[in-house]
Amino acid sequence: MFDQNMNWLELYKIIFEQFYYWLVVTDKDGIIVLMNKSYCEFNHVTQEEAIGKHVTEIIENTRMHIVAKTGIPEIGQVQEINGSHMLADRVPIHNKEGELIGVVGSVVFKDIADLDSYVKKVVLMEKELEYFKKELKKARGPENTFDNIIGESQLLKETKDLALKVAKSKSSVLILGESGTGKELYANAIHNASYRRDFEMVRLNCASIPHDLLESELFGYEYGAFTGAKKEGKLGKIEIADKSTLFLDEIGDLPLTMQAKLLRFLQEKEIEKIGSTTVKKVDVRVIAATNKNLEEMIRQKTFREDLYYRLNIFKIEIPPLRERKTDIPVLAKFLLRNKANEMDRYVIEFNDEAMRLLIEYDWPGNVRELENTIERAINLVGKEAAITKHHLPYHIREKRLDHYGYNKSESLKEMVAQLEIKEIKNALELSLGNKIHAAKILKISRTSLYEKINRY
Numbered sequence: 002m003f004d005q006n007m008n009w010l011e012l013y014k015i016i017f018e019q020f021y022y023w024l025v026v027t028d029k030d031g032i033i034v035l036m037n038k039s040y041c042e043f044n045h046v047t048q049e050e051a052i053g054k055h056v057t058e059i060i061e062n063t064r065m066h067i068v069a070k071t072g073i074p075e076i077g078q079v080q081e082i083n084g085s086h087m088l089a090d091r092v093p094i095h096n097k098e099g100e101l102i103g104v105v106g107s108v109v110f111k112d113i114a115d116l117d118s119y120v121k122k123v124v125l126m127e128k129e130l131e132y133f134k135k136e137l138k139k140a141r142g143p144e145n146t147f148d149n150i151i152g153e154s155q156l157l158k159e160t161k162d163l164a165l166k167v168a169k170s171k172s173s174v175l176i177l178g179e180s181g182t183g184k185e186l187y188a189n190a191i192h193n194a195s196y197r198r199d200f201e202m203v204r205l206n207c208a209s210i211p212h213d214l215l216e217s218e219l220f221g222y223e224y225g226a227f228t229g230a231k232k233e234g235k236l237g238k239i240e241i242a243d244k245s246t247l248f249l250d251e252i253g254d255l256p257l258t259m260q261a262k263l264l265r266f267l268q269e270k271e272i273e274k275i276g277s278t279t280v281k282k283v284d285v286r287v288i289a290a291t292n293k294n295l296e297e298m299i300r301q302k303t304f305r306e307d308l309y310y311r312l313n314i315f316k317i318e319i320p321p322l323r324e325r326k327t328d329i330p331v332l333a334k335f336l337l338r339n340k341a342n343e344m345d346r347y348v349i350e351f352n353d354e355a356m357r358l359l360i361e362y363d364w365p366g367n368v369r370e371l372e373n374t375i376e377r378a379i380n381l382v383g384k385e386a387a388i389t390k391h392h393l394p395y396h397i398r399e400k401r402l403d404h405y406g407y408n409k410s411e412s413l414k415e416m417v418a419q420l421e422i423k424e425i426k427n428a429l430e431l432s433l434g435n436k437i438h439a440a441k442i443l444k445i446s447r448t449s450l451y452e453k454i455n456r457y
């Protein structure tokens, strides 16, 4: 406990003498006015002998007298004293009027070997941290891979195949799709299938950040860059994503000023923090996504054409659920199983009438709406083990989309058969009637294709 009666001068003297670093203070002419005991002992002099002498008479290879003339600090400078290499700081001292009145010097590492040992420890800790990050990721298992994109329709298979090819590339990707189609799921799958998968994908939703904060979120800032800035500064999302993937969701909501800055980064592969005068090279792959019509925005001059082409090296358009209705049964069953396990509920199936309603419905909210509908139904199921039409929302129960060509009197089996026939016809058209190629497109065996053709 500090003695409350101790004056500040006494306290400063105690700190000066007991401080771990070697310390010395000179006036503006280079004359030593203070030097702690441990530093004196290393130089084989007493404090009485050192004080009043010119610093060059006591400390070998010093530059404190030079700093006293230039007023320019010298930080982390290697200095040889008595045969040992050390790391020294030399900082000018100014009075209230701003006049230079002296210099304070300190030896931070009393031997360069100490510094080398310290650096090695830090490097080792960083390597260990990276190792444990990778091990943790392995233990958790892959999240959001292409296996999590559920469906068997030809349209979905083509989309997944393209995305899988894109994953191996270093180029930017633009994912287009309506709300709820799974744009972030595709972004995750692409990242996890790429060589960058050992590093966490970094996400930024351009629509959720106020426009005046977007630059600092993307590029970061230095200490004192603006009022309210953190003392330690801030890393931007781009820098955090170095060696990984940056997912920019809702890219269509990025203001024009930020579009220009993002374009420069994509061209130069370097960033400059707010308040900084230096640039840093980074290795980041960008995946952008939007539910907006960017080409229409270009015509309206609300989205930059050059940025569009920078992002649009690979374009993946995710089909809405209403265009791949053959996927609804398998997708609904997958979501039911996952949600029921997550909610600790015993619900194992949909009855035929409920599944028929799910297939007939238009799903404007796509997979997200289907998932929410299933979660709602699970909550409503009582002792039954199946979801019936009574567990579905009214607007789904009463909706009939006859323009899709479904007959209300048909059974679920007949309805699914119609959808399969449609997929087979599409594949045969694409393959110009070649059944071997059609089977490959559908990713089924040739035997299965012939069986289905004969059946229908």
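The sequence shown lines up with residues 2 to 457 when you count with my numbering.
Every residue gets a Cβ at the ideal spot worked out from N, C-alpha and C, and that includes glycine.
Simplified DSSP assignment, three categories, for residue i
i, result
"residue 89", "strand"
"residue 450", "helix"
"residue 154", "coil"
"residue 102", "strand"
"residue 396", "helix"
"residue 11", "helix"
"residue 51", "helix"
"residue 20", "coil"
"residue 445", "coil"
"residue 95", "strand"
"residue 349", "coil"
"residue 386", "coil"
"residue 273", "coil"
Cβ neighbours of residue i in the same chain (closer than 8 Å, five flanking residues each side left out)
i, result
"residue 371", "322, 329, 332, 333, 336, 359, 364"
"residue 307", "264"
"residue 94", "26, 101, 102, 103, 104, 105"
"residue 271", "280, 281, 282, 283"
"residue 17", "24, 35, 37"
"residue 366", "180, 181, 373"
Length of the line joining the Cα atoms of residue i and residue j
i, j, result
"residue 285", "residue 247", "7 Å"
"residue 311", "residue 173", "7 Å"
"residue 161", "residue 381", "34 Å"
"residue 96", "residue 301", "60 Å"
"residue 261", "residue 216", "11 Å"
"residue 324", "residue 156", "8 Å"
"residue 19", "residue 92", "20 Å"
"residue 81", "residue 132", "38 Å"
"residue 213", "residue 224", "18 Å"
"residue 368", "residue 183", "7 Å"
"residue 249", "residue 274", "19 Å"
"residue 197", "residue 447", "37 Å"
"residue 404", "residue 449", "Bear in mind that the predicted position of residue 404 carries a pLDDT of just 39, short of 50, making it unreliable; the figure below should be weighed with that in mind. Looking at the two C-alpha atoms, the distance is approximately 30 Å."
"residue 205", "residue 455", "51 Å"
"residue 452", "residue 445", "11 Å"
"residue 288", "residue 327", "29 Å"
"residue 391", "residue 176", "37 Å"
"residue 385", "residue 348", "8 Å"
"residue 424", "residue 437", "15 Å"
"residue 409", "residue 357", "Low confidence applies to residue 409: its pLDDT is 48, below 50, so where it sits in the model is not reliable enough to give any reading."
"residue 41", "residue 47", "6 Å"
"residue 426", "residue 128", "55 Å"
Span of the alpha helix (DSSP H) around residue i
i, result
"residue 319", "From DSSP, residue 319 is part of no alpha helix (DSSP H); its letter is neither H nor E."
"residue 67", "65-71"
"residue 307", "306-312"
"residue 335", "329-343"
"residue 61", "Per DSSP, residue 61 belongs to no alpha helix (DSSP H) and is neither H nor E."
"residue 433", "Segment: none, residue 433 is in no alpha helix (DSSP H) and carries neither H nor E."
"residue 297", "295-300"
"residue 379", "367-381"
Terminal residues of the beta strand (DSSP E) in which residue i lies
i, result
"residue 28", "23-28"
"residue 33", "33-36"
"residue 78", "75-82"
"residue 291", "286-291"
"residue 174", "174-177"
Same chain, Cβ closer than 7 Å to residue i, five either side skipped, listed in chain order
i, result
"residue 236", "221"
"residue 15", "none"
"residue 293", "253"
"residue 431", "442"
"residue 428", "155, 439, 442, 443"
"residue 389", "352, 354, 355"
Residues of its chain near residue i, where Cβ-Cβ distance is below 6 Å and the 5 sequence neighbours each way are ignored
i, result
"residue 107", "22, 24, 90"
"residue 56", "27, 31, 33, 63, 65, 66"
"residue 276", "222, 223, 226"
"residue 256", "212"
"residue 241", "203"
Neighbour flag for residue i against chain C, beta carbons, 8 Å
i, result
"residue 63", "Looking at the structure shown, chain C is missing, and only one protein chain is on hand."
(message) My parser needs the beta strand (DSSP E) runs of 3 or more residues fully inside the stretch 189-216; what are they?
(response) 203-206
(request) Would you list, in sequence order, the uninterrupted alpha helix (DSSP H) runs of no fewer than 4 residues that lie entirely inside the stretch 216-267? (result) 238-241
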